[in-house]
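>
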Amino acid sequence: MAKKKQSLQQTARKVITHTTPKSFVSEQFRTLRTNVNFASPDLELRSIVVTSAAPGEGKSTTSANLATVFAQEGKNVLLVDGDMRKPTTHYTFHMPNTIGLSNVLTRQATVEDAIRPTTIERLDLMTCGPIPPNPAELLASNAMGMLISDLKKRYDVVIFDAPPVLSVTDGQVLANKCDGAILVVNSGSTEKEMAAKAKEAIEASNSKLIGAVLNNFELAKDSYYYQYYGNAEE
1 MAKKKQSLQQ
11 TARKVITHTT
21 PKSFVSEQFR
31 TLRTNVNFAS
41 PDLELRSIVV
51 TSAAPGEGKS
61 TTSANLATVF
71 AQEGKNVLLV
81 DGDMRKPTTH
91 YTFHMPNTIG
101 LSNVLTRQAT
111 VEDAIRPTTI
121 ERLDLMTCGP
131 IPPNPAELLA
141 SNAMGMLISD
151 LKKRYDVVIF
161 DAPPVLSVTD
171 GQVLANKCDG
181 AILVVNSGST
191 EKEMAAKAKE
201 AIEASNSKLI
211 GAVLNNFELA
221 KDSYYYQYYG
231 NAEE
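With the first letter of the sequence shown counted as 1, position 191 gets the number 191 in the UniProt record's numbering; the numbers rise by one all the way through.
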C-alpha cells in the first residue's frame, strides 16, 4: 500500500506554472506559449497534441503546464487526457476518473458530463475515463473527429495529452485530427535516433509539427537567464 501511494504521488505531476508562476521554469512555459502563438500565422492553432518518443519524457507535465499558461493568458482552455492506456491528468489535478473521454466516445456520457473545472481559472479538464480495450480505434473514429470540432467551438484552445508516438499508434492518430503537435524530448535520455523517428511519425500522420520541447535541460548557474529568473520563486 505504501509503494502504491508513493507511485501515485510521483504520477501527480506538479503544475509549476500555477504554484510558482514567477519561476524560471514557468517563464519557459510562457515562452513556449508565445512560440505556439506565432508558429502558424496563417492558421490559428486551436487543437494541439503533446506527445513524446517514449514514456517518461515529460509530455504530461508539459501539457498540463502549457494548458495553464494559456489559461493565464485569458483564454478558455480544455486539457484532455488522450492517453487511454496510462492516464495521469486526474492524479495531477486530484480529480476522479470515473467519467471522461472514453465514455463520451462510446456514447455513455455527454461532453458536459465529462468536463470538470479545475482550481485554475479558465482551465477545464476532461479525464481519460475508464480505460477501453480499443484506444486506437476510438481515437480514430468519426466520433473523435466530431468531438474535437465540438470542443473547438466551446474553447479557445484544446490541448491533448497523448501517448508516446513510438510506443503505440494513438499519438499519431490524435495528431492527424488536430491542428498541430508538440514533441517533448528528455535531455540526456532520449536518443537522437528515437527523437528523429518520433518526428517522422508525427509528420507521417499529416499533422503540423509545431516544434519540440527539450525537457530536464540543466542550465549553468552563471547563465544570464538563470540569474534573471532563477530566484523569482514567489
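Glycine is no exception: its CB is placed at the ideal position from the N, C-alpha and C atoms.
So, Val77 versus Ile159, is the Cβ gap smaller than 8 angstroms?
Residue numbering aside, residue 77 sits at position 77 when the sequence shown is read from its first letter. Residue numbering aside, residue 159 sits at position 159 when the sequence shown is read from its first letter. Yes, the pair counts as a contact, with Cβ atoms nearer than the cut-off.
> Just how far apart, CA to CA, sit Thr98 and Ala53?
Position 98 of the sequence shown, counted from the first residue, corresponds to residue 98. Position 53 of the sequence shown, counted from the first residue, corresponds to residue 53. The straight-line gap from Cα to Cα measures roughly 28 angstroms.
> Are three or more beta carbon pairs between the segment 146-159 and the segment 14-31 nearer than 8 angstroms?
No: fewer than three Cβ pairs fall under 8 angstroms.
> Runs of 4 residues minimum, wholly inside the UniProt domain "AAA" (47-175): which ones carry the alpha helix (DSSP H) assignment?
The UniProt domain "AAA" (47-175) contains these whole alpha helix (DSSP H) runs: 59-72, 89-92, 101-105, 111-114, 135-140, 142-154.
> Are the beta-carbon atoms of Leu138 and Met84 separated by less than 8 angstroms?
Here residue 138 corresponds to residue number 138 of the sequence shown, with the count starting at 1. Here residue 84 corresponds to residue number 84 of the sequence shown, with the count starting at 1. Yes. Within cutoff.
> Using only the alpha-carbon positions, how far apart do Ser196 and Ile210 sit?
The residue you call residue 196 lines up with position 196 of the sequence shown. The residue you call residue 210 lines up with position 210 of the sequence shown. Contrary to the premise, residue 196 reads as Ala rather than Ser in this sequence. C-alpha separation (whole angstroms): 15 angstroms.
> Could you check what DSSP says for Asn186 in three-state terms: helix, strand or coil?
As a working mapping, residue 186 is identified with position 186 in the sequence shown. In the structure shown, Asn186 sits in a strand (DSSP, three-state: E or B).
> If we ignore side chains and look at the alpha-carbon of each, how far apart do Thr110 and Lys177 end up?
Position 110 of the sequence shown, counting from 1, holds the residue named residue 110. Position 177 of the sequence shown, counting from 1, holds the residue named residue 177. Their Cα atoms are separated by approximately 20 angstroms.
> Near Val87, which residues of its chain fall below 6 angstroms by C-beta distance, leaving aside the five closest residues on each side in sequence?
Locating residue 87 in the sequence shown gives position 87, where the first residue counts as 1. Residue 87 is actually Pro in this sequence, not Val. The residues are Asp81, Cys128.
> By the DSSP assignment, the alpha helix (DSSP H) with Leu32 in it spans what residues?
Residue 32 sits at position 32 when you count from the first residue of the sequence shown. Unbroken alpha helix (DSSP H) run through Leu32: 24-39.
> Near Val184, what residues of its chain come up, given a Cβ to Cβ distance below 6 angstroms and the 5 sequence neighbours on each side ignored?
As a position in the sequence shown, residue 184 is number 184, starting the count at 1. Hits under 6 angstroms: Ser52, Glu57, Gly58, Lys59, Thr62, Val213, Asn215.
> Look up Leu45 in the DSSP assignment and give the residues it is bridged to.
As a first step, residue 45 is located in the sequence shown; it is residue number 45 there, counting from the start. For Leu45, which the question treats as bridged, DSSP gives no partner whatsoever.
> Considering only residues of the same chain and omitting the five flanking positions on each side of Met144, which have a CB-CB separation below 7 angstroms?
On the sequence shown, residue 144 is found 144 positions in, with the first residue counted as 1. Within the same chain, Met144 has close Cβ partners Leu105, Leu138, Lys177.
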